[in-house]
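Trainee: There's a structure below that I have some questions on.
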Amino acid sequence: MNFLERNLKEVWKFFVSVKLTIFLLFSIAGTSIVGTLIPQNARVEEYLQAFGEFKYRIFDIFDLFDMYHSWWFQLLILMLTANIIICSIDRLSATWKIIFNRNPSIKKSQFKDLNKEEFIEERSPEQLQTIYAPILHKAFGFTQVETTDTGFCIFAEKWRWTRFGVYIVHLSIVLLLLGSLIGSLFGFDGYVNIPEGESVDQVRINNVDKTHALAFQIRCDDFTVSFYDSGEPKEYRSRLTILENGKPVVQKDILVNDPLRYKGVNIFQSSYGKMPSKDVTLKFTVAESGMVYEKQAEIGKPIDLPEGLGSFLLKEYRPSADLQGTSLGEAFIGVLNTEPGKAQEIILPVRFPNFDKMRKDKMFISIAEQQQREKYYTGLQVTGDPGVWVVYTGFIMMILGCIITFFMSHQQMMVEVTQKNKKCIVIVAGKANKNIFGMQQEVAKITKRLTGSQKHSA
Amino acid sequence: MDSSHVLSVVTFVYGLAAVLYIASLIFRQDTAGKAASIVIFIGAAGNAAGIGLRWWESHQQNIGHAPLSNLYESLVFFALTIAVIYLVVERKYKNRIIGAFVTPLAFLAMAYASLSPNISDRIMPLLPALKSNWLIAHVMTCFIGYAAFALAFGVSIMYLITFGKERSGESILARLPSPAMLNELNYQLIMFGFLFLTVGIITGAVWANSAWGRYWGWDPKETWSLITWFVYIGLLHAKMMRGWDGKRIAYLSMLGFLAVMITYFGVNYLPGLHSYGSR
Ligand code: HEM
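So the protein lines, in turn, are chains A and B. Residues 257 to 714, numbered by the working numbering, are exactly what the first sequence covers, in order. Residues -17 to 261, numbered by the working numbering, are exactly what the second sequence covers, in order.
This is the structure:
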C-alpha cells in the first residue's frame, strides 16, 4: 500500500464513522442557534448600534452576520454530506448482496433464539403442508418448502427491498443539498416595481447592487388591492402580461400564493404601492363653522391651513399604515402645526375619510374622493431556480424513505412441522431487521390463522 | 354558545381528565382510571367539535378559513392531537398510567390558549400570504409531529423516574409500565413524530416557495425547526447505529422537545417572518 492509498484509507475511515455523524449533527444544530439570535444580513449601522464597535468586529471575523453562508458553516454541511455518501457506499455492497441474492437460503438455525409460538396438530404433515403453504404464500409472497425426516419446514419472507429505505433517505438529503447548490450557482432572486401600464425587462437582485436581464418583458396591466371590513388587506392582485419581442404571449392575474411561471422564471406578488404623486387633494373640515375647504398638498411642502388655524405638512405615503397594531391600509402621514411648538403627527387613511375626526379637534382632515383612483405600482419578487426540481425530488424521496425505514422491515418467517407419536408439533418463528415488536405481533397473527384453519377443517 | 366558549369548557374537561389519571395512579383507583378514559374521550370530541364550530363561524363572518391560522388556533389543534394520539396509545398498549404524565400537557396547551391574556381568540381574517392549502397541510403535520414529541417527552420523564429503581409491590413505581416498554414506546413516538415533522418542514418549504419564491430562507422559525429536526436525527442515529438506549435516549428526547417548544413559542421573541404565530 503506498502513501496515497494509506491516506485515502484514513480519510475513508474518518468519514465512515457514525460518531462523526452525531458530532456534526449536534454541531450544526448548536451553531445554527447563533444565527437566530443575531439578525442576519442587516445593515452595518444597525449592528454597530446594537453591539458596539468591539463586538461588531469580533462577530464580523466569524461571519456571524451571514453565518449560514460562512465558510465554516458550509464546511460543516460539506462534511456531513461526505459522511452520508461515504458511509452509505461503505455499507451498500453488503445490503446489495442481501437484497439481490437470487437463491436466498433461509436456514432453520437463523430462527433458533427467537420468540416462538408452538401448538399441536392432529392431522398428518402432508395434509398440513397443503393447508399452510397457501396461507404463508398469501401473507408473504415468497415461500420455500423443505421436507425433513419427520415433517416439513416452510420459510417465507417479504419486503426485502425495504433495506434500501435508509439509502433513499440519505440520497434525498444529498439531492436537497445538490439542488440548493444548483440554485445558488445558476439561480437569481430579484425584485422589481412596475407601475400600472408599464413594462420592464430587468430586475434588481436582492441584497446586492446588481441587475438581472430577463429574456422577455413583464407588463403590469392592472393592480388591485382589497380589504376586509377590519381594514386588513384581503387580496393583492396584479394582471401581468408577458411580452416577447413586443408581442403578448401570456396573460395572468397573480396573487400571493399564486405566481406566474414562465420559461423558468417565477413572478410572485410581493408588495405594492401608489405611484408617488406630486399632489394630493385634501379636505379640511372646520368643526365650528362647518366649512369644507379643498386644498392641493405636495409631499414635503408645508401649506397654510384655512381660517388661520396654523400650517400642515404632508410627510409621507405608506401603503399599509397602522395605529396601535390595527391596520388601516394605505394612508398619508402628515404633521399638523396648530400652535407654534406643538407639532403633532396625524394619520390620514385613504379608506376611512372620517378617521381624523376622532381627534376631536377644531378641524379634521381627509383625503378627497378622487385621490382613490390613483395609479398603483406592483412590487414583484422575480426568481429563477433551476435547482428547485432536484430539491422537490429530494422532498418526495425523503418522505417515502422515512416511511419505509420507520414502518417497514425485512421480515422472515419459519413454520416447522415435526411428527411425533402420531401428532404434529408446529412451531412458528419470525425475524426482522427492525421493529422486533411488530414481528412478534405478525407471528401471533399467522399462528392464529394456522390454528384457525385447524378448526375449520376439523 | 360560540366556539371559544366550547373550547374553554374543554379546557376544564381536560383538567378533570388529568386529575383523574393522576388520582388513579396515586390512589390505585382503577375506577378513576376508567372514568379518566371516558372524560378524555369527551374532551377530545368537544375539542374537535369546537374546531369544527369555529370553522363554521368563520364562514358565517364571510372570512371562512380553516382554523389553523394563529397562535390560539394552533394551540387548540395541538391539544386535540395530544389527546387523540394519547387515546391511540392507551388502546394499543392497554395502559392508563401514561395518561397521568401526558394528559396534563393537553390541559396546559388548552389552558394557555383560553386563559392567557396575550392570546386573542377572535376569528381573524386571513392575510393574503396565509391563503394556501399548503399552509393547512403545513400546520397540521407540524402539530401532529409536535404532539407525538410531547407524548415522548412525558414517556421519557416516566422512564427516568422508573429506571433503576426497586419496583416492589407496594410503591407507586410498581404501577408504572416497565422501563423496557417505555423505551420502546418513546422510540415509536419519536419515529412517528419525526415523520410528521419532516413532512411539516417540507410542506412549509413548498408553501414558502409558492408565496415568496424561495423554499428556504434561514428565518429563525425555519432554522429552529431544522435544529429540532437535527436533534431527532441525532437521537435516531445514536439509537440505531450506536445502540444508545434508555437514559441517554430519554434525555435526548427531552432535549428534542425543548427544541420543539423554542420553535413554537420562543421564536416569537426573535426577529423574523413567521410573526403571525405571535398574535
Ligand atoms: C443530515 C442527515 C443525515 C446524516 C448525516 C446521516 C448519516 C448517516 C450515517 C453516516 C449512517 C451510517 C452509515 C450507513 O448506514 O449508511 C447512517 C445510518 C442510518 N441513517 Fe442516517 N443520516 C441522516 C439522516 C437520516 C434520516 C433523516 C434518517 C431517517 C429515516 C436516517 C436513517 C438512518 C438509518 C435507519 C441508518 C442505519 C442504517 C443501517 O442500519 O444500516 N438518516 N446515517
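Glycine residues also receive a C-beta, built at the ideal position from the N, C-alpha and C atoms. Just so we're clear, the structure is a prediction, and the values are computed from it rather than from any experiment.
Can you grab the Cα-Cα spacing for the pair L53(B) / S(-14)(B), in whole Å?
Mentor: L53(B) and S(-14)(B): Cα-Cα distance of roughly 14 Å.
Trainee: Rounded to the nearest angstrom, what separates G238(B) and T210(B) at their Cα positions?
Mentor: Distance between the alpha carbons of G238(B) and T210(B) is about 6 Å.
Trainee: Count the other CB atoms, across all protein chains shown, that sit within 10 Å of the CB of G635(A); report buried if there are 16 or more and exposed otherwise.
Mentor: With 16 or more other Cβ atoms within 10 Å, it is buried.
Trainee: Which residues in chain A sit within 8 Å of A232(B), going by Cβ to Cβ distance?
Mentor: Going along chain A, no residue has its Cβ under 8 Å from A232(B), so there is no contact; the nearest lies around 17 Å.
Trainee: Mind checking if N258(A) is an interface residue toward chain B, Cβ cutoff 8 Å exclusive?
Mentor: With 8 Å as the cut-off, N258(A) does not count as an interface residue toward chain B.
Trainee: Which stretch, first to last residue, makes up the beta strand (DSSP E) that contains E374(A)?
Mentor: Start and end: 372 to 377.
Trainee: Indicate whether at least one CB of chain B lies closer than 8 Å to the CB of D445(A).
Mentor: Judged by the 8 Å Cβ criterion, D445(A) is in contact with chain B.
Trainee: For L320(A), which residues in chain B fall below 9 Å Cβ to Cβ?
Mentor: Result: empty, since nearest Cβ-Cβ is about 13 Å, beyond 9 Å.
Trainee: Quick one: which unbroken beta strand (DSSP E) runs of 3-plus residues sit fully inside the region 383 to 446 of chain A? Chain order, please.
Mentor: Fully enclosed beta strand (DSSP E) runs of 3 or longer: 398 to 404, 407 to 414.
Trainee: State the CB to CB distance for the pair P562(A) and F540(A), rounded to an integer number of angstroms; the pair is presumed to be in contact (CB under 8 Å).
Mentor: Right, the Cβ-Cβ distance comes to about 6 Å (below 8 Å), so this counts as a contact.
Trainee: Along chain A, which residues have their Cβ under 8 Å away from the Cβ of L57(B)?
Mentor: Per Cβ cutoff of 8 Å: no residues; L57(B) is ~20 Å from chain A at best.
Trainee: Does at least one heavy atom of the ligand NAD sit under 7 Å from the Cβ of G435(A)?
Mentor: You won't find the ligand NAD in this model; what it holds is the ligand HEM.
Trainee: Indicate the three-state DSSP secondary structure (helix, strand or coil) for Q628(A) in the structure shown.
Mentor: With a pLDDT of 49 at Q628(A), under the threshold of 50, the predicted position of this residue should be treated as unreliable, and no value is reported.
Trainee: Do L538(A) and A553(A) have their CB atoms nearer than 8 Å?
Mentor: Yes, these two residues count as a Cβ contact at 8 Å.
Trainee: What does DSSP give as the partner residue(s) for S40(B) in the beta ladder?
Mentor: S40(B) pairs with nothing; no bridge assigned.
Trainee: Do you know whose CA, among G529(A), N522(A), R299(A), lies nearest S576(A)'s CA?
Mentor: It is G529(A) whose Cα lies nearest to the Cα of S576(A).
Trainee: Can you tell me whether DSSP reads P129(B) as helix, strand or coil?
Mentor: Going by the sequence as given, residue 129(B) is Ala instead of Pro. DSSP places A129(B) in helix when its eight states are reduced to three.
Trainee: Is any beta-carbon of chain B found at less than 8 Å from that of A285(A)?
Mentor: Output row for A285(A): interface = yes.
Trainee: As a quick exercise: from V58(B), F176(B), E39(B), pick the residue whose alpha carbon is nearest that of N29(B).
Mentor: With distances taken between Cα atoms, N29(B) lies closest to V58(B).
Trainee: Return no unless some Cβ of chain B is closer than 8 Å to the Cβ of K269(A).
Mentor: It does not; no Cβ of chain B falls within 8 Å.
Trainee: With DSSP collapsed to three states, give me the class of E595(A).
Mentor: Three-state result, E595(A): coil.
Trainee: What's the gap between the Cα of L276(A) and the Cα of A26(B)?
Mentor: If you take the alpha carbons of L276(A) and A26(B), they lie about 44 Å apart.
Trainee: Tell me the DSSP secondary structure of Q330(A) in three-state form.
Mentor: Three-state DSSP puts Q330(A) in a helix.
Trainee: For a minimum of 4 consecutive residues, which ranges assigned as the alpha helix (DSSP H) are wholly contained in the region 156 to 219 of chain B?
Mentor: The qualifying runs are 161 to 194.
Trainee: Just how far apart, CA to CA, sit H666(A) and L334(A)?
Mentor: Each residue's alpha carbon lies about 32 Å from the other.
Trainee: For the region 646 to 658 of chain A, list every residue whose C-beta sits within 8 Å of some C-beta in chain B, in sequence order.
Mentor: Listed in sequence order: V647, Y648, F651, M654, I655, C658.
Trainee: Verify whether the separation of the beta carbon atoms of L348(A) and G650(A) is less than 8 Å.
Mentor: Contact flag unset, no.
Trainee: At least one CB of chain B closer than 8 Å to the CB of F693(A): is that the case?
Mentor: True, the Cβ-Cβ gap to chain B drops below 8 Å.
Trainee: For a contact defined as C-beta to C-beta under 8 Å, what are the partners of M223(B) on chain A?
Mentor: Those within 8 Å of M223(B) in chain A are V274, T277.
Trainee: State the CB to CB distance for the pair T399(A) and H393(A), rounded to an integer number of angstroms; the pair is presumed to be in contact (CB under 8 Å).
Mentor: Yes, they are in contact, since the Cβ atoms of T399(A) and H393(A) sit about 5 Å apart, within 8 Å.
Trainee: Output yes or no for whether 8 Å exceeds the beta carbon distance between I79(B) and L158(B).
Mentor: A contact, by the Cβ cut-off of 8 Å.
Trainee: With respect to the beta strand (DSSP E) encompassing K269(A), which residues constitute its N-terminal and C-terminal limits?
Mentor: It is not in any beta strand (DSSP E) - K269(A) instead sits in the alpha helix (DSSP H) that spans 259 to 272.
Trainee: If you count every other CB in all the chains shown that lies within 10 Å of the CB of E382(A), and 16 or more means buried, which is it?
Mentor: That one is exposed.
Trainee: Taking a cut of 9 Å between CB atoms, which residues from the region 1 to 35 of chain B lie near chain A?
Mentor: If the cut-off is 9 Å between Cβ atoms, the region 1 to 35 of chain B has nothing near chain A.
Trainee: Using a Cβ cut-off of 7 Å, pull out every chain B residue sitting near N522(A), in sequence order please.
Mentor: Per Cβ cutoff of 7 Å: G195.
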